[in-house]
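The structure appears below as C-alpha cells.
In full-length UniProt numbering, the protein residues as written are 1 to 137.
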C-alpha cells in the first residue's frame, strides 16, 4: 500500500509541474500567491512520511481490488423478476489496495431519522456491528 501512496504523490507532482498556476490562498491573508513549487514541496514531505504512515505488519502489500464508488440504488437496474440486469455509472471506478476501500457500500449505512425523531439506538448498534466485522483479507 505504501507503493500506492507514493505513486499518487508522484503522479500529482507531475500534474502540478505541468498545470498548476499561482493562486492566492484566502486562508493566508497577506501572503504571496501559492505556486506549484509550494504544492510539490508538500508532496515531497508526504513522500517522506509514507513509510511511517502506512506499514503492513506482515511486510507485504495488500492486493488491489476494483472499487465501484457509485453504488446507489438508482444505478442498479433490476427486472420484474428481481434479477440485476445492469449497473451503470462506472466512470469513477478504480483499482485500490483493499485497505483503502470502504468496508461496505455507503447505500447500506443506515441514516438517522433526524434530531428528536425516533430512537437512534438501532442505527448505532448496526454501525457498531458492521464496522467490527473483519471484512478485509
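Ideal placement from N, C-alpha and C gives every residue a C-beta, glycine not left out. These figures come from a predicted structure and were not determined experimentally.
| Query | Result |
| --- | --- |
| First and last residue of the alpha helix (DSSP H) that includes residue 8? | 2-19 |
| Sort 72, 97, 80 and 49 by Cα distance to residue 9 and report the nearest one. | 49 |
| Could you check where the beta strand (DSSP E) with residue 64 kicks off and where it finishes? | 64-67 |
| Look at the alpha carbon of residue 13 and the alpha carbon of residue 4, and state the distance between them as a whole number of angstroms. | 14 angstroms |
| Using the Cβ count rule (16 or more neighbours within 10 Å means buried), how would you classify residue 97? | buried |
| Taking the continuous beta strand (DSSP E) assigned at residue 78, which residues delimit it? | 76-78 |
| Tell me whether the beta-carbon of residue 51 lies closer than 8 angstroms to the beta-carbon of residue 2. | yes |
| Does DSSP put residue 96 in a helix, a strand or coil? | strand |
| At the level of alpha carbons, what is the spacing between residue 40 and residue 74? | 39 angstroms |
| Check for me: the beta strand (DSSP E) holding residue 84 runs from which residue to which? | 84-87 |
| On a CA-only basis, which of 38, 15 and 85 is nearest residue 23? Give me that one, please. | 38 |
| Is the shortest distance between the beta-carbon of residue 99 and the beta-carbons of chain D less than 8 angstroms? | In summary, chain D is missing from the structure at hand, where a single protein chain is found. |
| Can the beta-carbon of residue 70 be found closer than 8 angstroms to that of residue 46? | no |
| Compute the distance between the beta-carbons of residue 65 and residue 17, then report whether it is under 8 angstroms. | no |
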